[in-house]
Structure formats: C-alpha cells, structure tokens
Amino acid sequence: MGAKGFFGATRAHRRTARLADLIGARQGEVIRERRYGGRGPQPSPSRAIVTVRKGPINDVFPGQLDAVVAAGYPLPTPVPHRCGPGAIFERTDDLPRVEVTAFPAGTEFVEGGGDVVPDGHTGIVVDIST
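Sequential numbering of the sequence shown, starting at 178, is according to the working numbering.
Laid out in structure tokens, this is it:
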C-alpha cells in the first residue's frame, strides 16, 4: 500500500471514530470496539462497536436510530436480523454507511465473541463503513 493509501485509511478510521461519538455509538458499556479494513481484501476502513445498554429493546433501539437520524442521515432501511431488529443507513456523499443491530436480553451477540445480553438490558452493535 502506498503512502496515500495508508494515510487515507488512517483519516477514514478517525472519521469513523468521530461519527461514533456523534451518534452515541458508545453509550452504555462498551463490550468490544474494533477497527477493520483499509487494506487487503477489506479496502473500506470500518469500525464495529458492541455495547450493552440498560433498558428494553423497544426503548434502546429506537433511541439509537434517532441519534443517527439527528446526525443527518435519511430514515433507515429496516433489516430483519435473526436475533432482533436492525437498520441500515446508506452511505451519502458526506456520511459513511451505518448499520445498527439490536439484541434482546438473553441473546448472544453475533460479533460479541460469546457475550450474552444480561436481563434488563439491550445489546447494540453499530457498524460504520466508509
């Protein structure tokens, strides 16, 4: 990878971190945060944030969606997920793609490495792709 590619990926990873802050992706307890991509077979720099938040899925999930819309995204495309609801906010000229998936209490996170959402909480995974 040339210098432009390395620095471009670094800027894109910083951009995903700033967007994560803007949309409140780290609310609650952060279980895992991972940067990936930017080289090799996954050229798009991306960030996945896995959190557990206090409250029922019917309160927590819409709250996260509202935060993404407030950041300037159009309304999302709902995506059914095998464990709970999900939504995709498509990439725009100014904003990267954001996918939000919710996990109800008692379910295991797909990206969580065996972590189970505790009672009285909701798991949220936010994936930001440049």
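Positions of the beta carbon are idealized from the N, C-alpha and C atoms, including for glycine. Since we're looking at a predicted model, the values are computed, not measured.
Using DSSP bridges, identify the partner residues of residue i.
i    : result
I265 : T254 and E276
S223 : Y213 and S306
I301 : T228 and A279
V207 : T228
V293 : E285
Rounded to whole angstroms, how far is the Cβ of residue i from the Cβ of residue j, which I believe are closer than 8 Å?
i    : j    : result
P281 : I234 : 5 Å
R224 : H190 : 7 Å
T228 : I301 : 5 Å
D312 : I208 : Lying before the first or after the last residue shown, residue 312 is absent from the chain, which here runs from 178 to 307.
F238 : A279 : 4 Å
T299 : G232 : 6 Å
P273 : R212 : Incorrect: roughly 13 Å between the Cβ atoms, too far for contact.
V334 : V245 : Outside the shown range of the chain, which is 178 to 307, sits residue 334, and nothing can be said about it.
Counting C-beta neighbours from all protein chains within 10 Å, is the total for residue i 16 or more, i.e. buried, or is it exposed?
i    : result
V275 : buried
P257 : exposed
L252 : exposed
G263 : buried
P222 : buried
T269 : exposed
G249 : exposed
G215 : buried
For residue i, which of helix, strand or coil comes out of DSSP?
i    : result
V245 : helix
V237 : helix
D198 : helix
R188 : helix
G179 : Only weak support is given to the placement of G179: the predicted model assigns it a pLDDT of 39, under 50, and the question is left unresolved by the model.
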